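Enquirer:
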Amino acid sequence: MTINIFYSYSHADESHRKNMEKFLSILKSENIIDDWCDRKILAGANLFDEIKNAMQNANIVIFLVSIDFLSSKACKDEWLMAKGMNKKLVSVIVRECPWLDFDDMSKYLALPTDGKPILKWLDQDEAWHDVYSKVKELALNMQH
1 MTINIFYSYS
11 HADESHRKNM
21 EKFLSILKSE
31 NIIDDWCDRK
41 ILAGANLFDE
51 IKNAMQNANI
61 VIFLVSIDFL
71 SSKACKDEWL
81 MAKGMNKKLV
91 SVIVRECPWL
101 DFDDMSKYLA
111 LPTDGKPILK
121 WLDQDEAWHD
131 VYSKVKELAL
141 NMQH
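Everything in the sequence shown is counted per the UniProt record's numbering, starting at 1 for the first residue and increasing by one.
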């Protein structure tokens, strides 16, 4: 069974989403995961309907969290929508921000390890590899 991942992020953090996709590409090529982001929405499509349908099909919702995410109504709405659908919620802290004070995000184990923001790591590839390892473990666990 392929595990479907939905990316929720601010477009200001698109480079982080692309990095995450690169690190997860091995899992994708081995059909362990498939992923979806709003850039796959076609012109003329209803944004809300497309996002809602993709989220309903997702097993895991990954939030790329930054101050831009926290200040975006659309991103916060996606968090609440995913919680309401009882999805696996995985927060990846990409930049320093007050994420511990947002809703109940602090109740969910954040990545990378200890919720240390990606940009605070001396070697960002090491941070992304940490995220990769934990997402791989989760996906494989969900397959069984």
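Cβ coordinates follow ideal geometry from the N, Cα and C atoms, glycine included.
Just so it is clear, the structure is predicted and the values come from calculations on it, not from any experiment.
#1: Mind checking residue 48: buried by the 16 CB within 10 Å criterion, or exposed?
#2: When the Cα of residue 124 is compared with those of 61, 100, 93 and 135, which residue comes out closest?
#3: With burial defined as no fewer than 16 other Cβ atoms inside 10 Å of the residue's Cβ, what is the status of residue 16: buried or exposed?
#4: Around the Cβ of residue 112, are there at least 16 other Cβ atoms within 10 angstroms (buried) or fewer (exposed)?
#5: I'd like to know whether the C-beta atoms of residue 32 and residue 139 end up nearer to each other than 9 angstroms.
#6: Among all the DSSP beta bridges, which residues are the ones paired with residue 91?
#7: When we look at the beta-carbon of residue 110 and count the other beta-carbons within 10 Å, is it buried (16 or more) or exposed?
#8: Label residue 20 either buried or exposed according to how many other C-beta atoms from any shown protein chain fall within 10 Å of its C-beta, with 16 as the threshold for buried.
#9: Assuming residue 1 contacts residue 143 under a Cβ cut-off of 8 angstroms, what Cβ separation, rounded to an integer in Å, is found between them?
Expert: Checking against the coordinates, here is how it stands:
#1: exposed
#2: 93
#3: buried
#4: buried
#5: Result yes, Cβ atoms of residue 32 and residue 139 sit closer than 9 angstroms.
#6: 63
#7: buried
#8: By the beta-carbon neighbour count (other beta carbons within 10 angstroms, threshold 16), residue 20 is buried.
#9: Between the beta-carbon of residue 1 and that of residue 143 there is about 5 angstroms, and that keeps the pair under the 8 angstroms contact cut.
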